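Residue numbers (this note's numbering), protein chains in the order written: chain S, 5 to 104; chain F, 11 to 561.
Dropping the structure here:
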């Protein structure tokens, strides 16, 4: 690995908050996308499946958040990913609503 | 991998681990025992006092009992198996207090029904042993006394820390994994040896721990997650999805249970759905209401079982129509099988008894993993004797306290569980509230052990408490032996493989604890004195304290 990279900032509080809050946001939006992909299943079954993926994604993101060089970059990257996934969810829903 | 990254994740691992370790020890020790919840319940159940009505007369038993106590129609169970912890053919619970939590089985009164000589219904209140259920509660809420929402959220918080500790532990180990994995360096460097063992156990059981961590988070937080998803994803339709059909416009007249199919016919319907399905009991719900259902519960060792006690087929008790097979092991759709496998992987409800033993051992290994993690935390902060200073330095206060807390909590849990297990036989039949005393004895042993660990110091207390735990655990098979030798004592000993298995396992456990007490005692006597695991002579500690203050 490169040695002239800037040292990793611990930024405990801001990284932890980003991991907890944005990880949950990302997980909820991804569970929404999965719910759309599994639209053929009855709601009680689909709802349970997409509930189980929430902790997986949320805690995966939270576990990985300390890899970001700083708290700010964690907020920017995870925030951007949230915007993308919520945006995709909204766009697909809008498209489904307008075509049916 | 970059060194600063490893350093950051080492901090994550240290602090998430130290804040969750002791709670997880209790969850894993009690959880390993919960794998054998049914054998424990059978061991602890007194011999049946009521004659079990033959299955052929079960329909008459149901009808007479519902006539005598219509409230039982809400939800009652008809047992198909004749084992020690089944008190009678027909059984039901009445909840005490309207606001008690769903998962809390302590706030229930238990009733059974039988037939008298003239064929009339006889209803008795029973007080089944709460031992197996309470061990399960300790497991579900990390040692707290009741399984309710706030305690489950505490458990969920612990499970989140546990997940972070797992991932960070793997990241820290990755760069040296190949070098360290097959290395268990037994030798002079005790910290190295404990760290190697901690790493090996952690990596080998990593899949088991990932399953446990994520499913525990779900068990704690599924309601809030469903709530959020209902608003954000399901458009508020989640609650309605579980209602069966539309509500009738006006209440229909109550159904007459005499028109129900006989239990054997209902069970035969369920058996026909899946060849490997072995029915164990039938749960009748709302049989006089508009939506009567008979859930035929059972097991299938060759399939994935959705719950720890198996799975069920829902059948209309009047028409025999199959209402639902979503939870029937061996007959589930792919999506339902997927969901059930998360439960089965947590609860060891797949495969046969070999899988249960594997989970039991993995659970105990998990408890050891957290214990060793705390020891490593203490060891990393150890003050070693300097060759020139002479004598042993006193150890940091936080290390002494952490060592005492670890020994007290972990061994206190072992002592408490064994004590309340033995007490099931000794306290029975004296008119005591056994559920209350089971809890009281557990917490008495737990807090006494904790207090002694702080009073006597971790080193001394670890030997004492291991000895006490060994004695209390040995008392489990000894009590059965005593009951068998002297029947006049009023104790009992069941001869089934399940009950004998409890006695045998406790005997082996007691031997292991006694061995641990012995090697700990040797270790402490051989210690050079510069560790929390040494017993300083009274003068030496004071001298060392003076030296530190003078320095």
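The beta carbon of each residue, even a glycine, is placed where N, CA and C say it ideally should be.
A quick note: this is a predicted structure, and the numbers were derived from the prediction, not measured.
- With a beta-carbon spacing of about 16 Å, residue 174(F) and residue 18(S) fall beyond the 8 Å limit used to define contacts.
- Counting along the chain, residue 94(F) sits inside no alpha helix (DSSP H), nor does DSSP assign it H or E at all.
- Beta bridge pairing from DSSP links residue 315(F) with no other residue.
- Taking a cut-off of 8 Å for Cβ pairs, the region 58-67 of chain S and the region 19-33 of chain S touch, as three or more such pairs fall below it.
- Of all residues in the region 237-252 of chain F, the ones placed with a Cβ closer than 8 Å to any Cβ belonging to chain S are 238, 239, 242, 243, 244, 247, 248, 251, 252, in chain order.
- As a beta-bridge residue in DSSP terms, residue 289(F) pairs with 308(F).
- In the pairwise beta carbon analysis, the region 42-59 of chain F is classified as not touching the region 209-217 of chain F: fewer than three pairs are separated by under 8 Å.
- Among the bridge pairs identified by DSSP, residue 86(F) is matched with 102(F), 294(F).
- The residue from 43(F), 518(F), 285(F), 421(F) with its alpha-carbon nearest to that of residue 148(F) is 43(F).
- Residue 150(F) counts as buried, since at least 16 other C-beta atoms from the protein chains shown sit within 10 angstroms of its C-beta.
- When rounded, the separation of the alpha-carbon atoms in residue 261(F) and residue 302(F) is 14 Å.
- Against chain S, a Cβ distance below 7 Å from residue 18(F) picks out 12, 14, 70.
- Under a 10 Å Cβ-count criterion, residue 106(F) is classified as exposed, with fewer than 16 other Cβ atoms of the shown protein chains found around its own Cβ.
- If you draw a straight line from the Cα of residue 19(F) to the Cα of residue 184(F), it is about 11 Å long.
- For a Cβ distance threshold of 8 Å, residue set 224 of chain F lies close to residue 60(S), ordered along the chain.
- When CB distances to chain S are screened at a threshold of 8 Å, not a single residue of the region 181-210 of chain F falls below it.
- Around residue 487(F), the same chain offers 513, 516, 517 as residues with beta carbons nearer than 6 Å, after the five sequence neighbours per side are excluded.
- Residue pairing of residue 36(S) in beta bridges, as defined by DSSP: absent, with no partner found.
- Within the region 121-189 of chain F, the complete beta strand (DSSP E) segments of 3 residues or longer fall at 131-136, listed in chain order.
- CA-to-CA, the gap between residue 81(F) and residue 163(F) works out to about 34 Å.
- Closer than 8 Å to the CB of residue 335(F) there is not a single CB belonging to chain S.
- Classified as buried, residue 208(F) has 16 or more neighbouring CB atoms from the shown chains inside 10 Å of its CB.
- If you look at residue 325(F), you'll find it isn't in any alpha helix (DSSP H); it sits in the beta strand (DSSP E) that goes 321-325.
- For residue 36(S), at least one C-beta of chain F is nearer than 8 Å to its own C-beta.
- Counting the other CB atoms within 10 Å of its CB gives residue 100(S) a total below 16, which places it among the exposed residues.
- Taking 8 Å as the threshold, the shortest C-beta distance from residue 79(S) to chain F does not fall below it.
- If you ignore the 5 residues before and after residue 336(F), its C-beta comes within less than 7 Å of the C-beta of 342, 346, all in its own chain and listed in chain order.
- Proximity of residue 232(F) to chain S, defined by a Cβ-Cβ separation below 8 Å, is satisfied.
- Pairing residue 24(S) with residue 14(F) gives a Cβ-Cβ distance that is not under 8 Å.
- For residue 58(S), same chain residues with a beta-carbon under 7 Å away, outside a window of 5 residues either side, are 31, 32, 35 in chain order.
- Contact check for residue 438(F) against residue 429(F) fails: the beta carbons are separated by 8 Å or more.
- Ranked by Cα distance from residue 29(F), the first of 545(F), 531(F), 381(F) is 381(F).
- Close CB contacts of residue 331(F) within its chain, under the 8 Å cut and outside five residues either way in sequence, are with 325 (chain order).
- In the displayed model, residue 334(F) falls within a strand according to three-state DSSP.
- At a Cβ-Cβ threshold of 8 Å, residue 230(F) and residue 153(F) do not count as neighbours.
- A contact between stretches requires three or more CB pairs, one per stretch, nearer than 8 Å, and the region 409-426 of chain F fails this requirement with the region 66-86 of chain F.
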